[in-house]
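Asks:
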Amino acid sequence: MSDMVTLTIDGRQVQVPKGMGLVEAAALAGVEIPVFCHHPKLEPVGVCRMCLVEVEGQRKPVPACTTKAAEGMVVKTDTPLIRHLRQGVIEFLLLNHPLDCPVCDKGGECPLQDNTFKYGLPTSRLTVPKMRKRKAVDLGNFIILDEERCILCRRCVRFDKEIALEGNLVVVERAHENLISTATGEAYDSYFSGNTIELCPVGALTSKNYRFKGRPWDMSPAPSICTACPVGCNVRLDFRFGELARVVSREHPDVDGGWLCDRGRFNYKYVNEENRITQPLMRRGDQLVPVSWTEALMEIANRFRTITRDHGAGAIGFIGGGRLTNEEAYLFQKLARDVVGTPHVDHRVGRQQVASWDKYGGRLVDLDDADVILVVDVLPAERMPVADLRIRRAAQRRGAALLTIGARQQEYLVPHTRVPLLPAETAAALRQAAAVLAGGDGKLGAAAPLVEALRQGRKVVVVWGGEDLAVGQALAELLQAFVAQGGERSVRVLIPGEQANSRGAEAMGVRPDLLPGHRPVAQDQAGMDTGRMLQAAAAGTLQALYIVGANVAETYPHGVLVNKALSQVPFLVVQDMFLTETARFADVVLPAAPFAAKRGTYTNMEGRVQEVDPAMPPGGESRTDGDIFLAIAEAMGKKLIPSRREFRQEMERLLGELAADGFLAGAPWPAEAPAPAAAADGGLVLLAVDRLYGGGGTARFDPGFRSVQPKAEALFHPADAAALGLNAGDTVTLQTAGGALSLPVRISAAVVPGTVQVPWGAPDGAVNSLLEGALWAKVHVRKRVLEEVG
Numbered sequence: 024m025s026d027m028v029t030l031t032i033d034g035r036q037v038q039v040p041k042g043m044g045l046v047e048a049a050a051l052a053g054v055e056i057p058v059f060c061h062h063p064k065l066e067p068v069g070v071c072r073m074c075l076v077e078v079e080g081q082r083k084p085v086p087a088c089t090t091k092a093a094e095g096m097v098v099k100t101d102t103p104l105i106r107h108l109r110q111g112v113i114e115f116l117l118l119n120h121p122l123d124c125p126v127c128d129k130g131g132e133c134p135l136q137d138n139t140f141k142y143g144l145p146t147s148r149l150t151v152p153k154m155r156k157r158k159a160v161d162l163g164n165f166i167i168l169d170e171e172r173c174i175l176c177r178r179c180v181r182f183d184k185e186i187a188l189e190g191n192l193v194v195v196e197r198a199h200e201n202l203i204s205t206a207t208g209e210a211y212d213s214y215f216s217g218n219t220i221e222l223c224p225v226g227a228l229t230s231k232n233y234r235f236k237g238r239p240w241d242m243s244p245a246p247s248i249c250t251a252c253p254v255g256c257n258v259r260l261d262f263r264f265g266e267l268a269r270v271v272s273r274e275h276p277d278v279d280g281g282w283l284c285d286r287g288r289f290n291y292k293y294v295n296e297e298n299r300i301t302q303p304l305m306r307r308g309d310q311l312v313p314v315s316w317t318e319a320l321m322e323i324a325n326r327f328r329t330i331t332r333d334h335g336a337g338a339i340g341f342i343g344g345g346r347l348t349n350e351e352a353y354l355f356q357k358l359a360r361d362v363v364g365t366p367h368v369d370h371r372v373g374r375q376q377v378a379s380w381d382k383y384g385g386r387l388v389d390l391d392d393a394d395v396i397l398v399v400d401v402l403p404a405e406r407m408p409v410a411d412l413r414i415r416r417a418a419q420r421r422g423a424a425l426l427t428i429g430a431r432q433q434e435y436l437v438p439h440t441r442v443p444l445l446p447a448e449t450a451a452a453l454r455q456a457a458a459v460l461a462g463g464d465g466k467l468g469a470a471a472p473l474v475e476a477l478r479q480g481r482k483v484v485v486v487w488g489g490e491d492l493a494v495g496q497a498l499a500e501l502l503q504a505f506v507a508q509g510g511e512r513s514v515r516v517l518i519p520g521e522q523a524n525s526r527g528a529e530a531m532g533v534r535p536d537l538l539p540g541h542r543p544v545a546q547d548q549a550g551m552d553t554g555r556m557l558q559a560a561a562a563g564t565l566q567a568l569y570i571v572g573a574n575v576a577e578t579y580p581h582g583v584l585v586n587k588a589l590s591q592v593p594f595l596v597v598q599d600m601f602l603t604e605t606a607r608f609a610d611v612v613l614p615a616a617p618f619a620a621k622r623g624t625y626t627n628m629e630g631r632v633q634e635v636d637p638a639m640p641p642g643g644e645s646r647t648d649g650d651i652f653l654a655i656a657e658a659m660g661k662k663l664i665p666s667r668r669e670f671r672q673e674m675e676r677l678l679g680e681l682a683a684d685g686f687l688a689g690a691p692w693p694a695e696a697p698a699p700a701a702a703a704d705g706g707l708v709l710l711a712v713d714r715l716y717g718g719g720g721t722a723r724f725d726p727g728f729r730s731v732q733p734k735a736e737a738l739f740h741p742a743d744a745a746a747l748g749l750n751a752g753d754t755v756t757l758q759t760a761g762g763a764l765s766l767p768v769r770i771s772a773a774v775v776p777g778t779v780q781v782p783w784g785a786p787d788g789a790v791n792s793l794l795e796g797a798l799w800a801k802v803h804v805r806k807r808v809l810e811e812v813g
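So the mapping is simple: our numbering equals the position in the sequence shown, first residue as 1, plus 23.
1. Does the beta-carbon of residue 240 have 16 or more other beta-carbons within 10 angstroms, so that it is buried, or is it exposed?
2. Please state whether the Cβ-Cβ distance between residue 87 and residue 56 is less than 9 Å.
3. Determine, using beta carbons only, whether residue 757 and residue 431 come nearer to each other than 9 Å.
4. Skipping 5 residues on each side, what residues in its chain have a beta carbon closer than 6 Å to that of residue 90?
5. Please classify residue 808 as buried or exposed, where buried requires at least 16 other C-beta atoms within 10 Å of its C-beta.
6. Under a three-way DSSP split, which group does residue 269 fall into?
7. Excluding the 5 residues preceding and the 5 following residue 762 in the sequence, name in chain order all residues of the same chain whose CB lies nearer than 8 Å to its CB.
8. In terms of alpha-carbon separation, which member of 283, 264, 522, 334 lies closest to residue 373?
9. Which residue wins for smallest C-alpha separation from residue 400, given the options 224, 487, 463?
10. Just tell me which of 690, 332, 423 has its CA closest to the CA of residue 397.
11. Within a Cβ cutoff of 7 Å, which residues of the same chain sit near residue 574, ignoring the five residues on either side of it in sequence?
12. Could you give the first and the last residue of the continuous beta strand (DSSP E) run that contains residue 756?
13. Exposed or buried, which one is residue 750 when buried takes at least 16 other CB atoms within 10 Å?
14. What are the boundary residues of the alpha helix (DSSP H) that includes residue 323?
15. Taking only the alpha-carbon atoms, compute the straight-line gap between residue 630 and residue 285 and give it to the nearest angstrom.
16. Taking residue 403 as part of the alpha helix (DSSP H), name the residues at either end of that continuous run.
17. What is the DSSP secondary structure of residue 730, reduced to helix, strand or coil?
18. Say whether the stretch 384-395 touches the stretch 559-576, bearing in mind that this needs 3 or more beta-carbon pairs closer than 8 Å, one atom from each stretch.
19. First and last residue of the alpha helix (DSSP H) that includes residue 103?
20. In terms of alpha-carbon separation, which member of 538, 579, 552, 589 lies closest to residue 562?
21. Helix, strand or coil for residue 413 per DSSP?
22. For the stretch 268-286 against the stretch 407-419, are there 3 or more C-beta pairs whose distance is under 8 Å?
23. Is the stretch 352-368 close to the stretch 499-512, with three or more CB pairs under 8 Å?
24. Find the nearest neighbour of residue 348 within the set 635, 715, 311, judged by alpha-carbon distance.
25. Please state the DSSP three-state secondary structure of residue 428.
26. Using the Cα positions of residue 236 and residue 165, report the straight-line distance between them to the nearest angstrom.
27. Considering only C-alpha positions, which residue in the set 735, 585, 744 is nearest to residue 766?
28. Taking DSSP as the reference, what is the three-state secondary structure of residue 349?
29. Do you know how far the Cα of residue 610 is from the Cα of residue 596?
30. Among all the DSSP beta bridges, which residues are the ones paired with residue 160?
31. Jot down the residue ranges of each uninterrupted alpha helix (DSSP H) in the stretch 573-640, minimum 4 residues, whole runs only, in chain order.
32. Grab me the residues of residue 327's own chain with a C-beta within less than 7 Å of its C-beta, minus the 5 sequence neighbours each way, in chain order.
33. Could you give the DSSP three-state label for residue 305: helix, strand or coil?
34. Would you call the stretch 190-199 and the stretch 91-107 touching, i.e. three or more CB-CB distances under 8 Å?
35. Quick check: the Cα distance between residue 790 and residue 648, rounded to an integer number of angstroms?
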């Protein structure tokens, strides 16, 4: 039986896939059927009746959105009856619709406006006053709802129910008093709320950032890639009079599916110059004062030369690269190794050790047809939010077995199985599961559901944070045992990088043990990683640090060490967009341009290489990171590249070798064996957890994002809180070997018993001050500082 059907639409014969809706079939025939409630990514509901069409053999018009194409079907979309019906729909919608077009944000890209011009009556027959509703309802962190403009298409409600799978939005009241609201009556709290603004066919849902700011015809649009996380969603940047006015989606079906998270959509105001550093700064006593580029570059060149002469090039360390383009990352490591002559270069500025794995390459679309998804010690909604939508759909719609394993447990509203483990237990549990899967004996305990799922599964996708290498090696044993069961079994691993281009930086050689193209460095020639560089700086053996696009004062998990290193290193250069906590220690601060001013490529977490072109000038005196690297090399009397043309050819060759199919290969597993995790000896364990809106970079310095920064708080499991006599809102002091921090208490069943979890990147509580380089620490809890309770 053929999978295609042939039908006739307005006299045009067209062949379409069987089961396709008439709205999409008509589009293939070049016929536009007007819609309000229908959207190709949502299930059809047929509530607006705007898409009514006549079908031969049917007694009355049918909604095109809910009617499937069938063999021999004859459809008429523009008859006198259909035009009359559409005119009636428009008249009904406009009865109580306000005359807001001159001030409505949707003006110029509004289907209701367009269809009113095409089908609407010139006058209204309404003789009584229009119904009045609220004009500016604060729906959530980023959205204003205008109840008068809402036409109740339910797109927003359906997105929340079908795509985000959260159940936040509902229709309340009855008949003509229907309103969009939240199920709880509280604020709309979702990482994906901004998608409802794009889905809304009228101006009922508007962005607080963009409200009353411009018109579509005022905008200069530019395609780009979001750099807020490693998913690499495709976006369109809309500029108005040189300022970035809004960010909207630009669908790539295999990457983002047309959706954006709220950080990618709303965290853009920092691009405009208000809070950015836009000229070089140099320390004069206790102050950082503006200087010329010439002065700043000569200071760097002279100090690097002096340090090299007196202490050797190995006394200089380079840290950064995960925010850079592939091309800039390549230049960064080339500047370190070929110009300065130091082997000490690393992009890993937080907890992550690997950003890819050559043995287990995975694609985001692998999540769509996996029958087992293992989320191992990572929070996908916080690290890779749009990709997390694929995980949710796989579990909810296709029944994929979703297991969350480890000490970091996400609060999923879709069917899933929790395998809560303390940090020191995770690797051992995975190894035990591998042994049982391979036919061995042993008591599984909490890992029993894992073995059961893997025995039944055929395609397994693992999402792992790439932090604890012992867990990675245990995963390898587990996946080998899974494949060894025989049959058609496949394995994929996805590792979300800590920065947008962590995987690209790794491939470009911004690691002390790797050269560009993942070529290994001889063990006796490998440089120091970030942790060892900081230790050497604190000990006085490293004389200079050059830190690019990284706020290590906040991201590195050893607060005492990093503060000592930054304050004691004789010469510190920081290159960033903002005066971060790290930049405040610097001797020279170089102003870097934002992603929107760059030309090059980024590599997302699956290895996909995506191009970007500059959409704006750098701003002020700031320069792109690549141009700064070239200028430093020139100041040192050397050429970093022969010419820009030859450099492009070199990068094309390198990327071509690494990514013959458009995807960069993964890096080999590190040669250094991981140290086994120490047991917590029965005490509580402090664990830092990611938050999408956290961090000391773009979110912190965006004026439109300050209100959603994560709060510094200590999260306890209810059982632990009860044992300690704690209530929500109490203040506790967390004491570790690294330091102490006083925080308010929050109680959550999502927290793994035995752990105390504190968000990364909260502006009022630096959790790294409690850590000493490890991923977790034993913690002592005191209530209200004076009363000791645990």
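Every residue, glycine too, gets a C-beta built ideally from N, C-alpha and C.
Predicted, not measured: the structure shown is a model, and the values here were computed from it.
Replies: Quick answer:
1. Residue 240 should be labelled exposed.
2. Yes, the pair counts as a contact, with Cβ atoms nearer than the cut-off.
3. Going by C-beta atoms, residue 757 is not nearer than 9 Å to residue 431.
4. The residues 45, in chain order, have a CB closer than 6 Å to that of residue 90 in the same chain once the five nearest residues on each side in sequence are set aside.
5. With a pLDDT of only 49 at residue 808, under the threshold of 50, the placement of this residue in the model should not be trusted; the figure read from the coordinates follows. The residue is exposed, with fewer than 16 neighbouring Cβ atoms inside 10 Å.
6. Residue 269 carries a strand assignment under DSSP once its states are collapsed to helix, strand and coil.
7. 582, 583, 792, 793, listed in sequence order.
8. With distances taken between Cα atoms, residue 373 lies closest to 522.
9. Relative to residue 400, the option among 224, 487, 463 whose CA is nearest is 487.
10. That would be 423, whose Cα lies nearest to the Cα of residue 397.
11. The residues are 603, 604, 605, 719, 720.
12. Per DSSP, residue 756 belongs to the beta strand (DSSP E) from 754-758.
13. Answer is exposed; the Cβ neighbour count stays below 16.
14. Its alpha helix (DSSP H) spans residues 316-334.
15. Residue 630 and residue 285 have their C-alpha atoms roughly 23 Å apart.
16. Where residue 403 is concerned, the enclosing alpha helix (DSSP H) stretches over 403-406.
17. Taken through DSSP and simplified to helix, strand or coil, residue 730 comes out as helix.
18. Flag = no, the stretch 384-395 and the stretch 559-576 do not touch.
19. 103-117 is the extent of the alpha helix (DSSP H) around residue 103.
20. Looking at 538, 579, 552, 589, the one whose alpha-carbon comes closest to that of residue 562 is 589.
21. The answer is helix: DSSP assigns residue 413 an H, G or I state.
22. Flag = yes, the stretch 268-286 and the stretch 407-419 touch.
23. No contact exists between the stretch 352-368 and the stretch 499-512.
24. The option with the nearest alpha carbon to residue 348 is 635.
25. DSSP places residue 428 in strand when its eight states are reduced to three.
26. Taking the straight line from one Cα to the other gives about 15 Å.
27. Comparing Cα-Cα distances from residue 766 to each of 735, 585, 744, the minimum goes to 735.
28. In the three-state DSSP reduction, residue 349 falls in the helix class (H, G or I).
29. Rounded to the nearest angstrom, the two C-alpha atoms are 6 Å apart.
30. Residue pairing of residue 160 in beta bridges, as defined by DSSP: 168.
31. Restricting attention to alpha helix (DSSP H) runs no shorter than 4 residues, the stretch 573-640 encloses them at 575-578, 582-591, ordered along the chain.
32. 339, 363, 567, 659.
33. In the structure shown, the three-state DSSP call for residue 305 is strand.
34. With a cut-off of 8 Å, the stretch 91-107 and the stretch 190-199 do not count as touching, because too few Cβ pairs lie within range.
35. Distance between the alpha carbons of residue 790 and residue 648 is about 29 Å.
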